[in-house]
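S.K.:
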Amino acid sequence: MNYFLPIHNILRWAVLLFGLWTVVTAITAVASKRNYTGKDNKASLLFMIFCDIQLLIGLVLYFNNSWFDALKTNAKAVMTDSAQRFFAVEHALMMIIAWLLVHIGRSMVKRADNDAKKNKRSLIFFGLALLLILAMIPWPFRTGIGRQWFPQF
Ligand code: HEM
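Under the numbering used here, residues 331 to 483 are what the sequence shown spells out, in order.
(1) Can you tell me which of 427, 441, 446 puts its alpha carbon nearest to the alpha carbon of residue 461?
(2) Could you tell me if the beta carbon of residue 463 falls within a distance shorter than 7 Å of some heavy atom in ligand 1?
(3) Residue 379 by DSSP, collapsed to three states: which one?
(4) Which same chain residues, not among the five before or five after residue 438, have their C-beta less than 7 Å away from its C-beta?
(5) Would you mind listing the alpha helix (DSSP H) stretches within the region 402–435 that are 4+ residues and don't spill past its ends, in chain order?
(6) Which stretch, first to last residue, makes up the alpha helix (DSSP H) that contains residue 349?
(7) Does the distance between the C-beta of residue 339 and the nearest non-hydrogen atom of ligand 1 fall short of 7 Å?
(8) Check for me: the alpha helix (DSSP H) holding residue 457 runs from which residue to which?
(9) Could you round the C-beta distance between residue 390 and residue 397 to whole angstroms and report it? I think they count as a contact, below 8 Å.
(10) Are the Cβ atoms of residue 366 and residue 448 separated by less than 8 Å?
(11) When DSSP labels each residue in this structure, what does residue 479 get in the three-state scheme?
(12) Taking 7 Å as the line, does the beta carbon of residue 378 fall inside it for any heavy atom of ligand 1?
(13) Could you name the residues of the same chain whose beta carbon sits closer than 6 Å to that of residue 477, not counting the 5 residues immediately before and after it, in chain order?
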């Protein structure tokens with residue numbers, strides 16, 4: 331159990347790396363009107379895989395958290411504590427929406443009937459997902475909810 335939080339912490343960098351790679355290649359593809367290639371597909375596949383792993387670890391953290399029982403018995407206490415509310419509601423919900431955007435995006439890109447559409451859809455879905463993830467990470471500079479850049483083992 332103790333290792334889930336450090337793993338969740340470190341894997342955020344993999345999500346961001348592949349998310350950024352996916353979005354930057356989509357921007358260049360749209361700007362240069364080039365074809366959608368296997369490399370674009372690989373980038374978003376890796377982005378999706380790391381989002382899937384983060385979701386699974388996040389769910390383990392969620393259901394084993396100290397505030398989880400309080401959420402069922404005294405939800406008001408959790409909701410009035412801004413740090414607990416951040417992880418119990420805002421972080422979890424918004425990250426699940428980002429995860430959905432990545433999955434829906436992959437299927438929308440697959441279904442697009444030409445390369446220009448594939449590139450455009452990649453940029454929209456993966457770009458929005460990345461922005462949401464960036465906004466919902468408890469960065470060290472965020473007051474009340476800030477966590478470390480890297481895990482403390
Ligand atoms: C791309 C998706 C996600 C990213 C990048 C991410 C990132 C992070 C980071 C950096 C932390 C702080 C870790 C630390 O304190 O060292 C954290 C904490 C946490 N995350 Fe996520 N997360 C994601 C998705 C999720 C999801 C989907 C859930 C739940 C369904 C979740 C639940 C949690 C919980 C409960 C904590 C706080 C754990 C605690 O303090 O005990 N995360 N997350």
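Ideal Cβ positions, reconstructed from N, Cα and C, are used throughout, including at glycine.
M.R.: Put simply:
(1) 427
(2) yes
(3) helix
(4) 451, 455
(5) 405–410, 412–415
(6) 334–362
(7) Distances between the C-beta of residue 339 and the heavy atoms of ligand 1 include at least one below 7 Å.
(8) Run containing residue 457: 445–466, per the alpha helix (DSSP H) assignment.
(9) Contact flag wrong, Cβ pair sits at about 15 Å.
(10) yes
(11) Correct three-state label for residue 479: coil.
(12) no
(13) 468
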